[in-house]
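A quick write-up on the structure given underneath.
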Amino acid sequence: MDKLKRQFIRLFDLPADIIMDLPLLLLVFDNKLYLENHKGISYFQSEEIKVKIKNGFIILQGKDLSICEINRETLTISGKIFSISYELRKGGDRVE
Amino acid sequence: MNKKILHYWKGYLKIDIRGNALGRFISQISEEGILLWDIEYLSYDHYRAYLYKDDYNRLRPLLRRRKCQVRIIEKRGFPFLFLQIRRRVFLLLGILMILFIFKLGTSFLWSYEFKGLENIEEETILEVLEEAGIRKGILKKDLDLMEIENYLLQRIPAISWADLSWQGTRLTVDLVEKKLVKPVEKGALVASKDGIISKLIVLKGQALVKEGDTVTEGQVLVLPGSDGEARAIIKAEIWYEARAESPLKEQLIINTGKKRTKWGVKLADRLIRFSTTIPPYDQYRLKRSSKKIFAWRNISLPIELFKEEYQEIKILEMNNSAELALFKAKEKALAGILLHIEEGSLIESVYLEVVENEDNNNEKIKLRLMIKTEENIACLKEDFSGRN
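First to last, the protein sequences are chains D and U. Residue numbers for the first sequence follow this note's numbering, beginning at 5 and rising by one. Residue numbers for the second sequence follow this note's numbering, beginning at -3 and rising by one.
Now the structure itself:
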């Protein structure tokens, strides 16, 4: 099914984040991050935030992190962000 | 900013969240469609966040399922404003009091402003206004402006229009005065200048001269009729003559801009200079100014500080061209004549003549300018009774 979707996306040049329900990140330098299509927060500390996404997690590391706003779809994080990393389950999605 | 206004309008709560696995709890809250903002991490089991006051009740089913505590720390926003105000009754009373005093203060007449007065004195208007019952310090609402306008028009006949209006606490009195027509004066018409009469139309009275006559200043032209009035249109040709000269060589004084200032002290009548007295330039202009050092009321010491400013000048010899000299001479002559010509006169012809130099030196240009005008020379001479 996913394979079919991927072909469909490639064929019609559609935004993958909507069809595949993938996270969309918008980062302002190192102090503000807008994240769409999140699946909730699994861990929150001022040094680390773990955000659940489809097929895994996004892990943010930084200093004085706080959640500016959290909604069903969008999440805004502010603070000093040092790194953004992904932790994906095996067989996770890949979009070329 | 926009968002903050919305938050304020809806009313929001600052809450403390305590319990285990709070990250999950926040996810659950957001899944419910509840907006949380500014979530702060205080410790692993203690978060602080904001949410709308309407969403607070929707948290309750979630709380029951988990072992979490939510406590309200602060209530903010417009819906809670009334609560805050109740705590500050006296502040509110103060604001109301200020508004009341302001309203009270602006409901009186405090000053006047007059517009359009030319011949009538402000005092006369003020007196009439006082008769109508207007004083400084009376209540504005007691005055009927229309009535006062009518009263003003009745009392002062020299006013043709009056408009009263309020500008805050100031009463603006806008008036238009009547233009009074002067009664026709009696007397004979005499000539104001020498000339040859070119036009003579008698409206009232008896003419003593006819067109083409040469008249001299002060000569009686029209005698008054039986009612003592004399009116006529009398125009005469008048010749003006002026002579002027302009040098072909002129001296021009130019400031070079260089200057030097010297200081000194004046003791009684003696001058004491601080520096040499030799002027620093060959050609210069000297400006001297002095200042009393000590002056208090009528007491002053006879010591003065004086300043001498030497400004360097250069004198240039300029050779004017004949045309320029002629132009300058003409200007001079014309300026002399124009002083005598009355307004509204018609200049008929201008005659210019360069006068030959008798002594045959070519340093000056001389000219004679003659102007012929047509002017009204009728001039009323009052109390003319003699019928000679």
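Even glycine gets a Cβ: it sits at the ideal position worked out from N, Cα and C. Predicted model, so just to flag it, every value in this text is computed and none were measured.
Given that residue i touches chain D, what residues does it touch there, using C-beta distances under 8 angstroms?
i	result
Y4 of chain U	Within chain D, no residue comes near Y4 of chain U; the closest Cβ sits about 16 angstroms away, beyond 8 angstroms.
L18 of chain U	F48
Based on the DSSP output, what are the partners of residue i in its beta bridges?
i	result
G60 of chain D	D:I57 and D:L92
H42 of chain U	U:R14 and U:S39
I229 of chain U	U:I197
S345 of chain U	U:K368
M314 of chain U	U:E246
T257 of chain U	U:E305
R67 of chain U	U:D12
V186 of chain U	U:V216 and U:C375
Go through its chain and collect everything with a Cβ distance to residue i's Cβ below 8 angstroms, but skip five positions before and after it.
i	result
E378 of chain U	E181, K182 and G183
R239 of chain U	A329, V351, K362, L363, R364 and L365
T257 of chain U	K303, E304, E305 and Y306
L322 of chain U	S242, V350, I361 and L363
Y37 of chain U	Y43
Q49 of chain D	L69
G15 of chain U	F21, D41, R62, K63, C64 and Q65
So with CB distances below 8 angstroms, who are the chain U contacts of residue i?
i	result
D88 of chain D	Residue identity check: residue 88 of chain D is Ile in the sequence provided, not Asp. Ordered by position in chain U, no residue passes the 8 angstroms Cβ test against I88 of chain D, which lies about 17 angstroms from the chain.
Would you call residue i buried or exposed, if buried means 16 or more other Cβ atoms sit within 10 Å of its Cβ?
i	result
I373 of chain U	buried
F61 of chain D	buried
S317 of chain U	exposed
K175 of chain U	exposed
G29 of chain U	exposed
I234 of chain U	buried
G133 of chain U	exposed
R383 of chain U	Residue placement at R383 of chain U cannot be trusted, given a pLDDT of 48 that sits under 50; what the coordinates show is reported in the next sentence. Exposed: under 16 other Cβ atoms inside 10 Å.
E371 of chain U	buried
Y90 of chain D	exposed
S26 of chain U	buried
A400 of chain U	The structure shown does not extend to residue 400 of chain U, since chain U spans only -3 to 384, so no value can be given for it.
H336 of chain U	exposed
T102 of chain U	exposed
L9 of chain U	buried
Of all the CB atoms in chain A, is at least one closer than 8 angstroms to the CB of residue i?
i	result
I35 of chain U	Protein chains D and U are contained in the structure displayed, whereas chain A is not.
Suppose the cutoff is 6 angstroms on Cβ atoms and the five residues either side in sequence are ignored; what does the same chain contact list for residue i look like?
i	result
E300 of chain U	K262, S286 and K288
R93 of chain D	N59 and G60
D220 of chain U	For the record, residue 220 of chain U in the displayed sequence is Pro; it is not Asp. Answer for P220 of chain U: A184, G201 and A226, listed in chain order.
F110 of chain U	E118 and V169
L348 of chain U	L365
S87 of chain D	Q65
Q215 of chain U	A187
A128 of chain U	I144 and Y147
L18 of chain U	Y43
At a CB-CB cut-off below 9 angstroms, which residues of chain U make contact with residue i?
i	result
E73 of chain D	K(-1), L31, L32, W33, D34 and I35
Using the beta-carbon of each residue, which ones in chain D are nearer than 7 angstroms to residue i?
i	result
E70 of chain U	None at all; the shortest Cβ gap to chain D is about 17 angstroms.
I22 of chain U	I45, F48 and I74
S161 of chain U	What S161 of chain U touches in chain D: nothing, since even the nearest Cβ is about 56 angstroms away.
E109 of chain U	None at all; the shortest Cβ gap to chain D is about 58 angstroms.
Short of 7 angstroms in beta carbon distance, which residues of its chain neighbour residue i, apart from the five on each side in sequence? Order them along the chain.
i	result
R269 of chain U	K258 and G260
E313 of chain U	K245 and Q247
Y40 of chain U	none
I35 of chain U	I22, Y43 and A45
R281 of chain U	Q307 and I309
Which residue spans inside the stretch 154 to 178 of chain U form an unbroken beta strand (DSSP E) run of at least 3?
-> 155 to 163 and 166 to 173
Scan the stretch 261 to 345 of chain U and note each continuous beta strand (DSSP E) run of 3 residues or more that stays entirely inside, going in chain order.
-> 266 to 269, 280 to 288 and 299 to 315
In chain order, each beta strand (DSSP E) run of at least 3 residues that lies wholly inside the stretch 94 to 126 of chain U | 107 to 111
Please list the segments of the alpha helix (DSSP H) lying wholly inside the stretch 20 to 86 of chain D, counting only runs of 4 or more residues, in order along the chain.
-> 20 to 23
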